[in-house]
Structures are given as C-alpha cells and as structure tokens.
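With numbering that gives the first Met the number 0 applied, the sequence shown corresponds to residues 0 to 547, in that order. Read through the structure below, which is laid out as structure tokens, and then see the notes.
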Amino acid sequence: MEQKRAGKDFTLADMAGQPSDQVLKFFGNSLDGYDRGEAARQRLIYGRNEISKAKKDSLAKTLFLAFITPFTLVLLVLAGVSLFTDVIMAAGGKHDYTAFIIVITMVCLSGTLTFVQERKSGKAAQKLSQMVKTMAAVMRDGRKAELPIGSIVAGDVICLAGGDMIPADCRILDCKDLFISQSSLTGESSPIEKFAFVTGKPPSNPLDLENMAFMGSNVVSGTATVIALKTGDNTIFGGIARQLGEKAPPTSFDKGVKSVSWVLIRFMLVMVPAVLFINGFTKGDWMQALLFALAVGVGLTPELLPMIVSTNLAKGAVDMSRRKVIVKRLNSIQNFGAIDILCTDKTGTITQDRVILEYHFNVRGREDRRVLDYGFLNSHYQTGLKNLMDISIIQRAQEEGVATDALKQYRKIDEIPFDFNRRRMSVVIEGKDEKYPEIITKGAIEEILAVCKSYDDGAAVKPLTPAMRRKIAQACAKLNKDGLRVLGVARKALDHNRGFTVKDESGMILVGYLAFLDPPKEGAKKAIASLLDHGVRVKVLTGDNGFV
C-alpha cells in the first residue's frame, strides 16, 4: 500500500476512472486533509515534492572542461613537442621558446574566455530560478494553509484558483468553470476545460484525461479541489525534466572541432614520419631530421584557431545577452546558427493572437445579421473561459447593435459544453413568447454539417442535399485558402423543456458560417523572409485547418 501511495503502482488512468471518495480512501485522506504528523511521516518516506536536478559541475570540472577540448589537446601535445625540441636546441647553445609560449598563451586565453563566460551565464540562470518561489493552498488539519510546493505529499488535498500553478499530478475532485493551460507540456496555447466527472475508457495519451491536472501547467480561470496523486520525479513533468537532465549529445560545434582535430592528427601522423625518414636518409643527420619533422608538425597546426573561435563565441554570447538571452554553453551558439529548419507555432507567435470576425455569411454566401445573432447568443451564454473567436463575435455584435436586441428577446436555459471529440458547443435558449426552447450550436464547419439535415437560405428552410453540402464545403475551403478560419452555426426548435443532451444536436438547420482572420504580426513577413534568405526553412506546427 505504501508503494502505491508513492505513485508507483497505479496509473493516472486508474485514478481517472475512480469516484472521488474512492480516490480519497485509497490515500487514507479526507477533504479536511492530512494532519501535520501524517504529512510529516509521508514526507519522510517519499521525500519532498521536488524535481531532481542534474548534478551541477564543480568549479574544478568546469575549469577542466573549458581548457581540455580535442583541439586544445592537440595544441598541448604540440607545445610539449616544441618544448622538447627547444630544450634539445638549448643544449647545443641555441634556444627559442617563442612557439611554446605562443601555443600555451592561446590555450590559456581560449580556455579562460570559455570558463568566464559559462560561469557568468550559469550564475545569471541560477539567480533567475531563485527568484521564483511557488506556494500552494493545501488542506491540513481541516484548515487551508499556504505551503511551498516542495512540502506537498501524495494524497494531499489542494485548493486551486485562477493563476495558480499545478504543484503535482492531481485528480480533480470538484471544480467550477476550470480552465487549465497545458502549453508547457503539450505546446497547445489554448486553455483546456477540465471536469470532475469519472472518465470512461481512458485516452491513449494521459495528458488528454479531462479530470486530471498536471504539474507544470497552470489555472487560467475557475476554481477546483484536487488530490495529489504523483509528486516530484514521478510526475509527467518530472519525467520530461529527467530526460532533459541527461547528458546532452555533442553539438555540431563539438563534432566539427573533433573532426578537424582528427584530420590534423592523421595528417601529422603521415607527414611527420615521412619528413623524418626522407630528411634523415637524404641528409644523414637524424637529429636535425627529427627537429625539422617536429617543426613541420607544429607548423601544420593553426594555433590561433581556438582563440579565434572562443572570441567569436563569447562575442555572440554578449550580443545575445543584450537581447535578454542567456547562453549557458558557448558551443550551443554555433548549434543555433546551424539551424536549417525552424518549426514554429502559429497563433500568437507569427500572428497577433487577436482574432477578427471578418464575415457572417448565410448559406448563399451573403452577409446575414441572423447568423451574427445566433453566433452572439451562443458565445455570450456559454459559461467558462471564452476563446478569442467568442470574444470577436461579441465585439462585432456590440458594434452592430445586435447584442442588446438579442439579450432582450432570449434567456438561457441550459448548455452542452464544448469537447474536442464533438468540436462544437451548444446553448439552449428560450424566447419570451415561445412554448419550447431552441438549441443553437456553433463549431467546426465539418462537425456542424454532420448534424444538419436542412438549411435556412434567408427565405425558407430547405433540405441539405449532397450538392448543397459540396457547395458549402467549397465556399468554406475558399475562405480557408484566404487564411480565414470558419465556424458553422446551426439551430433547432426543441420539443421538450428539460434533460438536454448531445443527442439534441441532430437534425439541425444550418444558419450560416462565421469567418475569422488571425492577422499576422507586423514583423512576421520580414522575419520569415530573412530566415529564408539565410537558408532556414520555416515549418508551421498548428492545429488549424491545413488550408489556413
């Protein structure tokens, strides 16, 4: 049982399928939380809720790695050879230690530059991390206490509100209008709505569990009571951090330096013996032949190269620091410069993250106020966090005077929330003089067409034939190719007053569609053109329609 509490003998999917009271019972806890003694005992057994960090290199190791590289090793060997020949020459009355001094000076300057810059960067990064102290509201002894997240143990009951960081992998026990950003885990910029219900068949990806909140994500809006299931290194975030903490593979710079070093070594292994034997056999003076061969070996090596490279990398680090970028390893600058493909998000990265409603068309492709009316009612009456498209619909409706009229005529009865399987959401509204309510559904045009059997062309309701479906799909595809995102809007009069479910989203009437533009940032075109000029291809990774 103790091992299970440590989060090692159960999966998140197991807990997602259990009722809240069973999850609490599994950890021997209640909504009042552990008492201090039990929490302390749990912490002694399982440790603090902290992600293991890669062991920091000692000062001596950092210094050693700064000076000992494949290329500097070649230079040090040659410096030793040069010193050896200088000592022999000194015995004969001639001495010149210039070559030895130059090589050693270049090695020392190169290593010192690298060491100083990487130490400065490491200290700057450490100061930034020490500035962040995250607290969490944890139930202890029946009271809510603000504790550092490192004090949280598996089984702790935690209270979350807007702006809070998720301190562990947690099962949601209760929530209201809870939206969580998982961008640090999934890269998806849009917040995801979470629920407290028990899941059925779990998805293949644990991050898709709708009743789970994960360490490394944060609450955008709403409130929740959760129980910590896995902490520290046992979390999904901990697993990612562990992979990042492993020894980094050699950079292209490391590979290049190693390759050049081996070329020089192989060249010297061929040239030095060849010069030695040819000179020795032709001149007959083997000592002079040896000295000449060693001089050739020294002459083949570009002693200034490490110094030049380190100076340029250090200058690059200084230039990037002025742009608020910390370079922890100088060698990574060359790796960054060697990029030939750049993968980027779209929304908010190359676009303004400010969606504009461009058109509200009926099925005939004409501007129709009724489409805006229905779209506004759907967006206004949905609970929880409104996305950028909802906000743009509401703003347009207010600009055109639609909002006030629509709200006077209708009131909300119920709603069927959005989910990523249906890709649509519905609100149920009731007019003042109507016996039965009406359902308004808004969502991806493909999903809306799938639940419609007729359409409203502004004059009458007509059957939605295959030919008309193709015509609508072509019109939407044209808008997509112009960079516009399209949502469909449908309605249906209901024949009952309660128990509204997803089943009511069928046999609907297509009203029209809304087309949105996510305008690019002013510098996006110039940035992409500059990248292309430098031989860097740009790939956009997005969940949007492929045409968009």
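Here a beta-carbon is modelled for each residue, glycine too, at the ideal position from N, C-alpha and C. Note that the structure is a prediction, hence the values are computed from the model and not measured.
By the three-class DSSP mapping on this structure, what secondary structure does residue i have?
i      : result
Asp341 : Rather than Asp, the amino acid found at residue 341 in this sequence is Leu. The answer is strand: DSSP assigns Leu341 an E or B state.
Ser251 : helix
Ile171 : strand
Ile191 : strand
Lys323 : coil
Ala402 : helix
Asp432 : coil
Leu597 : Nothing about residue 597 can be reported from this structure: the residues present for the chain run from 0 to 547 only.
Asp176 : strand
Ile439 : strand
Asn217 : strand
Leu486 : strand
Pro205 : helix
Ser258 : helix
Leu30  : coil
Phe417 : strand
Ser19  : helix
Val152 : coil
Ala449 : helix
Val115 : helix
Asp163 : coil
Glu145 : strand
Thr586 : Residue 586 falls outside the range modelled here, since the chain spans only 0 to 547, and no answer is possible.
Arg241 : helix
Phe9   : coil
Tyr45  : helix
Ala459 : coil
Lys229 : strand
Does the CB of residue i have a neighbour CB from chain D at under 8 Å?
i      : result
Glu192 : Within the model displayed, chain D is absent; a lone protein chain is all it includes.
When the distance is taken between beta carbons, is residue j closer than 8 Å to residue i?
i      : j      : result
Ile412 : Glu429 : yes
Asn334 : Ser260 : no
Leu23  : Ile226 : yes
Ala492 : Leu509 : no
Thr110 : Thr61  : Looking at the sequence itself, residue 110 is Gly, so the reference to Thr does not match. Against a cut-off of 8 Å, the Cβ pair of Thr61 and Gly110 comes out as no contact.
Val485 : Ile439 : no
Leu146 : Met134 : yes
Gly237 : Ile50  : yes
Val362 : Asp456 : yes
Phe515 : Ile349 : no
Ile390 : Phe375 : no
Ala15  : Pro201 : yes
Asp367 : Val401 : no
Gly215 : Leu184 : yes
Leu275 : Leu263 : no
By a C-beta neighbour count over all protein chains shown, 10 Å radius and 16 as the cutoff for buried, is residue i buried or exposed?
i      : result
Ile447 : buried
Asn377 : buried
Val317 : exposed
Met211 : buried
Met388 : buried
Val131 : Any reading at Val131 is ruled out, since the residue's pLDDT is 49, under 50, leaving its predicted position unreliable.
Val324 : exposed
Tyr435 : exposed
Lys229 : buried
Ile171 : buried
Gln381 : buried
Glu504 : buried
Ser529 : exposed
Asp34  : exposed
Val450 : buried
Gly79  : exposed
Thr224 : buried
Leu531 : exposed
Thr113 : buried
Glu192 : buried
His359 : buried
Just tell me which of the options has its CA closest to the CA of residue i.
i      : options                           : result
Leu30  : Thr104, Ala136, Gly110 and Val537 : Ala136
Pro190 : Ser220, Leu312 and Asp163         : Ser220
Arg118 : Ile100, Val427 and Phe63          : Phe63
Gly36  : Asp140, Met105 and Met14          : Asp140
Val537 : Phe546, Ala526, Asp543 and Gly545 : Ala526
Gly32  : Val106, Arg142 and Arg40          : Arg142
Lys345 : Lys524, Ala160, Asp155 and Asp418 : Lys524
Arg497 : Val427, Ile67, Asp13 and Arg322   : Val427
Met164 : Val256, Gly534 and Gln181         : Gln181
Gly487 : Ser425, Asp173, Tyr512 and Leu463 : Tyr512
Mind pulling the alpha helix (DSSP H) runs of 4 or more residues that sit fully within the region 502-545? Qualifying alpha helix (DSSP H) stretches, in chain order: 523-532.
So within the region 330-390, which uninterrupted alpha helix (DSSP H) runs reach at least 4 residues, ignoring any that extend past its ends? DSSP runs (the alpha helix (DSSP H)) wholly in the region 330-390: 330-336 and 368-380.
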